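Chains as they are written, first to last, in the working numbering: chain A, 1071 to 1716; chain B, 11 to 336; chain C, 11 to 300; chain D, 63 to 377; chain E, 240 to 559. In this text, a Cβ means the ideal position worked out from N, Cα and C, and glycines have one as well. Source: prediction; values computed, not measured.
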Amino acid sequence: MSKKGLIVLLVLVSVLLLSGVVNGQKERVVSLPFWDVPGLIPYYWQAQHILAQGTIFEGLFGYAPDPGGLGGVKVVPVIAQSYRVSKDYKVWTFKLRRDKKWSNGDPVTARDFEWSFKYYASPKIPDLPAWAGPHQFIENFWAVKSGAMDPDKLGVKALDDYTLEIRLATPRYDMREWLCVAQGVPIHRKSVEADPQNWWRPGKIVVNGPYIPVSWTPGKDMVLVKNPNYVGERGNVDKIVLKFGGLGLQQYMAGELDAAMINSVAEYRFVLADPKLSKEFHEDVMDCFWNGYQWSRGFDPIMDNIKLRQALAMAIDREKLCKDVLGGRAIPLNKYWPDRNPIGDKMKGIPFDVKRAQQLLAEAGYPGGKGLKTLVFYITGGGDPVVEFIVDQWKKNLGINVIIENVESGLYWNSYVWPNFSPDAKAGFTVIGAPMNNLEIGALMKNSDHTVWFYDFPTSARKKRHELYQEYDAWLRKTCGLTEADWKPLLEKRNTLYAGFKKIIDSEPEKLWVADLTRPPLWYDQFDELYEKWKTAKTNEEKTNYWRLAGRVLTDQEGFQLWYNNLSPESKQAYRWRYRTINRPFSEAVKIAHYALQLMQDRYYMVPVYLAKAQWVKSPKLEGLMLYKFSWGPGFFNFKYLNLKD
Amino acid sequence: MAELLRVNNLKTYFDRYDGVVKAVDGISYKLDYGETLAIVGESGSGKTVSVLSLLRLIKRNGRVVDGEAIFEGKDLLKLSKEEIRQIRGKDISIVFQDPMTSLNPIMRVGMQIMEPILWHRVMSDKEARDRAVELLRLVGIPEYKTRVWDYPFQFSGGMRQRVMIAIALACNPKLVIADEPTTALDVTVRAQILNLLSDMKEEFKTSVILITHDITLAMNFADTIMVMYAGKIAEYSPVERFIRNPLHPYSQGLISSTLDIKAKEGSLRPIPGNPPSLVSPPSGCRFHPRCVYAQDICREQEPEYKEVEDGHYVACHLVKGGKFNA
Amino acid sequence: MEVALKQRRRGTSYWAAAWRRFKKNKMAVAGLIYIIIIIIISIFTPWIAPYPYDEPHYAHTFEKPSARFWWGTDDLGRDMFSRNLYAMRNALLIGFGSQIVVLIIGVIIGSIAGFRGGRIDTILMRITDIMYAFPTFLFNVILVTVMGRGLFTILVAVGLTGWAGMARLVRGMVMYLKNAEFVEAARALGAKEGYIIRKYILPNMLGPIIVSLAFGIPNGIWIESGLALIGMGVRPPMPSWGNMIGAGVAYIMAFPHMVIFPVLTFALTLLAFTYVGDGLRDALNPRSEV
Amino acid sequence: MPELLVVKNLKKYFPVRKKLLKAVDNVSFSIEQGETLGLVGESGSGKSTLGRCVLRLIEPDSGEIIFDGVDLRKLKGEELRQRRRFMQIIFQDPLASLNPMMTIGQNIEDPLVIHNIGTKEERRRAVEELLEIVGLGRDLIDAFPHEFSGGQQQRVGIARALALNPKFIVADEPVSSLDVSIQAQIVSLLYELKIRFKISYLFISHDLAVVRYLSDKVAVMYLGAIVEYAPKEELYENPLHPYTRALLASVPKMPKDGERQKRFLALKGEVPSPIDLPPGCRFQSRCEYVMDVCRKQEPAFREVSPGHFVACHLV
Amino acid sequence: MGLVRYILRRLFTIFVSIVVVIIITYILMWLAPGEFFNIAQFQASGGRVATLTPEQLQVLIKGFEEKYGLNVPLWKQILNYLKDAFRFKFGPSFSNPNEPIEVQIARRFPVTFTLAILSMALAVIVGIPLGVIAALKRNTWVDYITMFFSMAGSIIPAYTIGVIMVLIFSVWLRVLPTSGWETPKQMIMPVICVALGPMAVIARFMRSSLLDVLNQDYIRTAYAKGGTDRAVIMRHALRNSLIPIVTIIGPQLAFLFTGTVWIENLFRVPGLGQLFVNAASMRDYPLLVTSTFILSLSVMLMNLLVDVIYAFLDPRIKYE
């Protein structure tokens, strides 16, 4: 290199070093990896609520670190000071703190909540992901959302500036937990109304959390700075830079990040082998998200054989999987919740017992795997090492043959894993990672209740129920129902179904379930009402519409009865336990959730295999990093506890 | 007249996949000031290569193997790159066969005429401009003052050849090489260009080497004629003498196979056969396979290129004492 | 003289002359030899590869090259050498396969446009222009989304996006050939259209088409690798260079062998095809411009 | 002698950017059995188009082409195809006119294959015979066109044209791309064939000497029309049209002692664009005798002496 | 025909072509497994149908369809889309309901544009001399090595080269930042990586173009006029061989709009490629159609621009 070049380089380097020093003295900056956020509107679910909740917005309640708690967090009041709940858990009244302020200095009041919740519920936001927030339980929410009712009729009301009343449609015992999520935070009315499209943009946004976003480059960085008007506990960090994308570990090594997630075995081993990095290494188990397999939602009767299901579940060496295949980046899991966990400790795991598995397989009618047809393991995206290992285990330990078939990711998610039955699916499996999205009671089940909804009744009935689902959709397009004669079969069916319904109500021992089933408006009342409306309807269009809706009510009921009458006794029992669980406050529900879970786990339709670990390196100076364990992938959140040591 | 150029034993070979093409294989001739030499031959006889070799403009796979070319006392073949460049376009210039492709399509005509002037620093930029206009006038381009800034594609074929001639004359060269200047043109235009060449020769007092396959034209136009066959000179003679007494059987054949406008039906006596491959030329006299008079000696021994009369050279075994004896 | 005569007797066809010119280009010959070797290897891959491409060895993950695993193993302990062989085979399948699709569509559209001329020509060429302007990469992604990620569907997708150039070429050739003097001569002899196409036009179009195909093959391989890098390539566990490189890059710090071998074989193969394409272009179309 | 070919009022216009290029503009002539018509003209005169129109390789816009008593323009498909046996064409560029993918033998055999004549053996023999006729060795049958010199290629082209024993051949500048010695060979060959097989030629060329050697009658074409048409000797000895005169004058003649010619009588200017010609005589822009009438009125093509037609106001 | 009329005619053709392209894209998406409705259902429910009643799900789906204009027949969706698209209104995307696509594009476009221009400039600045050197030294080791390396640089996936560069310059030498797009230093690595491909194309094209020109008769004429190598190459060969280069730079520039996606991901460059290619892999249909729209529009406009520039550079071209 020439002399001149050397000098230029030296100057450049020294300028860089100097600027770093100067910055360091001035303010405490933390750079963290983050996933790309599409925007900052808290009520959308596209991952940004992880940023919104606790960092830039706050709701009535929030999360605080709790190493012993589920998800490593506990629910603490934030804006709420105290609350009252009616006996039936349908009317919640919150007293709010009086010192909380928006970043522009306005006080945070109950009216902010009332307005925000009504705004979310209004048809102005047609695509609110209501399933992910507390509003779905609020009185009249669905009617408001569909546009049939005025948003003012929503069950939310500010009794005074610092008292908020929320009325629910059904009892909810975990409302506090639900109010932690991003749809539970208020937004600033004046700024939203001033610019409904762009109020959320950095520079414009008015927040009530500890940090304000000041700049945001999609695909790159977001910069958060301290909210000067924030009242409450928070760390000493002045500025947080969230960096989207890039080569995390390399960025960390180049000194551009203060923490980085470890994404592969290679990186893990590299870090362990590095004397400096290995000291900065941390890990935690992602216990809210179990990984395993589930049976495909097809209609092959072979799946009805519980001994077969059991044998397969017991023939997997989970230890070896975690050690060899996952390179120590996971822990074995043989039940829905792991050990040293309030639920997991009470559950019995699926043993790894090849002998027993072989015996069960023989009892199932396939000694040594003979006679069993080839099963299919559906996967998507990449070659899944875990799946290959499992298939290999079955082959080695049980002598059965499973082929791995790749499915388009869209098709996979849409018809094989989540929503419904898949008539095309052959007998076999898909991988499943069942998350707990937040601390609501339903999420304790970690989706294992799909066992009850989709599997545990005979294949023939499953098939029938699927057909009814199809019919249910088809009703909306039927053109009929102009004459009384069209109603005749419906009326007859109504009577049969009514008899069936009565029988179920009378025989079902679980009071909570019956209460749920008989909560008005009842299906037959709806049907009768539609019939009456049909009689007075004026246009043919209206008539057809009423007839269609009535038909759908019946189909729906028919599907329910079919399901109820065919559900296995165990699953029915599990369902009853589920009712008892969700009809308790969260802290109590945790104590009995294992009853339902154990029953469902013992059906072996959704089988846990391992829990992934979150692994990261972080600067020794950085403290208070909170790991986000809910939902799909590891990441950091709730940055208000971040602290930089000097 | 004084001697302008003398070429001795020039050999230019080309490397090809199937061997070495001896395109020019030992030719010698001279050219005086003001003289017009016509080199006549069929395609592949080496006539173009023989002159391009002088200016070292042959393609990359060709090389001058041997010989010398004394131009005004300097051996062109031994000059440095820069020295030969000084001569190109200034002392010796070329008019190429195809005026369509020999002009740069995206450069204005005037600029192309000015280039040799500027490159040889003959005059200033301003003067060169005026000179370009003047040259266009000289070569007979109508509206030359405006057309000087046109592009070649705006000119017709004949006009382009006129431009080529203007370029060649730009630096008052001592020698103009005209490589089949009229072949690509229509009959009537051909005559115009030939007239122009004659005029220019008078006007600029240059020597001219005219390369052509048309022996009639050569015989009409040149002072000296040189007939080439398969890379060698068959006959070299002052034209008057050649008209009276063409000695080489190939020269005779060329004349008799040329259709004159007055030729009688059935009078044509073509040379049989095809020109030979220059990779493996026939032994002995290269013309012998097509020569009706060929004898054993012609097959075995290469004829000597010798002066049979004053200034009349022939390479044929059958020519003895200035007479052709068959 | 004798030699010349002998040669005459046999006659050097267009192809023999082209081969002679091709042989002069050393890089092209080297490329051709390489390609022939990999084609032979690809045919016999199942017998040559020491392991099946999807056989995991859990006790031997990320192993460096050794006597047992020549090019090491990957994150599942699968033999990198075997996977590379299969990847090569798939790449060739996609490369050649996509060009067959290109050939079929391009020749049909191009020759209809060229022969019919007039309105049909205008319409077909407009369509071709539109295809030309379609953002190829995105269109590929969409097609793969629609048709799935099988080997076959990917080669069809690559073909479906790549035929516009071929159609233009064929049309140009047809337009030129149908007015060429020797075709006119055939017409003057009273030959029927079908005969002219079969004996006069098609054989003479072959050269440029082959050149175009020769460049299309590496292009197809390249497109697949691009698709694979964003997870749209051949479906794993079936290996392809794209997804091997994509996966390997993640391990570059700790296990560089996982990316070095696929990148080298990939680059070498594409280079070989490109050199052969260059050679063919110079040999078959001596006066070509590009 | 019976008239083999009669062309009447043949027209072919090409549309060029909304204007008309009158390539062949109202041309009439006739050729008798065994007779050769030489067609002389510079590039752009439309002579090649005319030659192709006569064979219906280019579809003329109007006019009649009566060949052997049948109007070719009324024939369709198969009938025309059969007719083609009797009329052939030889091209200017011999290499371009041969299929490069076929051997010499296959190229010559092709017309026989097309018309399904003879067995394979017979065809082979015919090809060998044809090779002899045009002066090529039988042993060249398996060579490819590109291995041949131009003269040999043109011989192959001629052999192919002869394969079907045609009565009439359009020779479109068959020697203009060849070397002098080869030109002479080919011209001799064509002459020999004319005598031997009584073939009629429409001989197209820009070379007046070649035309004179082969033709019985000569037509001079300028910008799409025939400006002068006469028996050969008449035309060369007594040219009437200024264009014909200029053409003849611009050709260098073989010098005899002392009569060398260093300057030529040259026409001024060049052939103008054939698109959108001005009214009047088409030669007006280059004619040194141009008069007012020439700029207004197109001269009639009339017979000035028996068999000598000319289109000029001055005559 | 005048330039303006020519451009207008071409613009009309472009308009028609775009309409066709959009229709094809829509139909292809409609054919894709997992139709709109399923996507809507899945998006609206986050995969958790079971806890909602069918009526509630219906409300969600209806809302979703309303927001994205999916509640009308396909042909009407296409029509609506086209109507808005030509006014540069594309609505929100599935993956980003927060802001309309045009806003996202407007923000990312300058980045991609800068990256593309810088890379293209680098590719031209390096590629052309490489091609020239290779052509002038044709069939020598200089030629072989130049061509080999420029081709290898374009064939080895830029992504791999990028990662290696990060390791060398950021992690080990610590002279360049790993990523970002603000300071010139951050731009060095992405620009080099992106430039490699076009650089090779330009070098190769330049080489053959120059070789072609060098074989032309007018080069011989120039030498015969007494031109030095320098004068002949600069004034005649280069100028003439550079003109066709324009024809490849245009399409290459358009290609960079998506071609940079891997580099953008690697170096955290917030450009269009990321947006567009992610759209496809995430099945974000509104964004996908828009990507197609923008890309084909830019390819076509670029081609038009190239033709116009070409006409300016080459006096022979006249508009038909």
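Quick check: what's the CA-CA separation for residue 28(B) versus residue 375(E)?
25 Å
Residues in its own chain within less than 6 Å of residue 91(C) by CB, not counting five upstream and five downstream?
80, 81
What do you reckon, are the CB atoms on residue 37(B) and residue 65(B) nearer than 8 Å?
No, the pair does not count as a contact, with Cβ atoms beyond the cut-off.
Using 8 Å as the threshold, is the segment 224-233 of chain C in touch with the segment 159-175 of chain C, meaning 3 or more CB pairs across them?
Taking one beta carbon from each stretch, the segment 224-233 of chain C and the segment 159-175 of chain C have 3 or more pairs nearer than 8 Å; the two touch.
Beta carbon of residue 518(E), beta carbon of residue 505(E): below 8 Å?
no
Let me check understanding here. Comparing Cα to Cα, which of 529(E), 294(E), 553(E) lies closest to residue 327(E)?
529(E)
Note down, in chain order, every chain C residue with its Cβ under 7 Å from the Cβ of residue 178(D).
Chain C residues near residue 178(D): none, gap ~11 Å exceeds 7 Å.
Based on DSSP bridge pairs, tell me the residues matched to residue 282(D).
102(D), 290(D)
Please tell me whether residue 158(C) has its Cβ less than 8 Å away from any Cβ of chain A.
yes
DSSP state of residue 157(C), grouped into three classes?
helix
Name, in chain order, the residues that DSSP records as bridge partners for residue 1152(A).
1165(A)
Name the chain D residues that come within less than 8 Å of residue 270(B), Cβ to Cβ?
271, 315, 316
Figure out for me which residue from 430(E), 434(E), 342(E), 299(E) has the closest Cα to the Cα of residue 1217(A).
299(E)
By how many angstroms is the C-alpha of residue 1512(A) removed from the C-alpha of residue 1478(A)?
30 Å
Please confirm if the segment 1589-1599 of chain A is in contact with the segment 1661-1679 of chain A, defined as three or more CB-CB distances below 8 Å between the two stretches.
no
Would you call the segment 1524-1532 of chain A and the segment 1370-1379 of chain A touching, i.e. three or more CB-CB distances under 8 Å?
yes
Would you list, in sequence order, the uninterrupted beta strand (DSSP E) runs of no fewer than 3 residues that lie entirely inside the segment 91-122 of chain B?
102-105
Evaluate residue 217(B) with the Cβ neighbour count: other Cβ atoms within 10 Å of its Cβ, from every protein chain shown; 16 or more gives buried, anything less gives exposed.
Buried, because 16 or more other Cβ atoms sit within 10 Å of the Cβ of residue 217(B).
Shorter than 8 Å from the beta carbon of residue 2(C) to some beta carbon of chain E?
With chain C running from 11 to 300 in the structure shown, residue 2(C) is simply not present.
Per the DSSP calculation, residue 1351(A) is bridged to which residue(s)?
1687(A)
Does the beta-carbon of residue 320(B) have 16 or more other beta-carbons within 10 angstroms, so that it is buried, or is it exposed?
exposed
For residue 244(C), which residues from the same chain have a beta carbon less than 8 Å from its beta carbon, with the 5 sequence-adjacent residues on both sides left out?
100, 104, 159, 160, 161, 164, 234, 238, 250, 252, 253
Hey, could you find the ends of the alpha helix (DSSP H) residue 1631(A) is sitting in?
1610-1636
So is residue 317(B) in contact with chain E if we call contact Cβ pairs under 8 Å?
no
Can you tell me whether residue 437(E) is helix, strand or coil according to DSSP?
helix
With burial defined as no fewer than 16 other Cβ atoms inside 10 Å of the residue's Cβ, what is the status of residue 1554(A): buried or exposed?
exposed
For the alpha helix (DSSP H) that residue 1321(A) lies in, which residues bound it at each end?
1318-1323
Looking at the structure shown, is residue 180(B) part of a helix, part of a strand, or coil, going by DSSP?
DSSP, reduced to helix, strand and coil, places residue 180(B) outside both helices and strands of the structure shown, so it counts as coil.
Within 10 Å of its beta-carbon, does residue 134(B) have 16 or more other beta-carbons around it, so buried, or fewer, so exposed?
It is exposed - the Cβ of residue 134(B) has fewer than 16 other Cβ atoms within 10 Å.
Does the beta carbon of residue 241(D) sit closer than 8 Å to a beta carbon anywhere in chain B?
yes
When you compare the CB of residue 1712(A) with every CB in chain E, is at least one pair closer than 8 Å?
no
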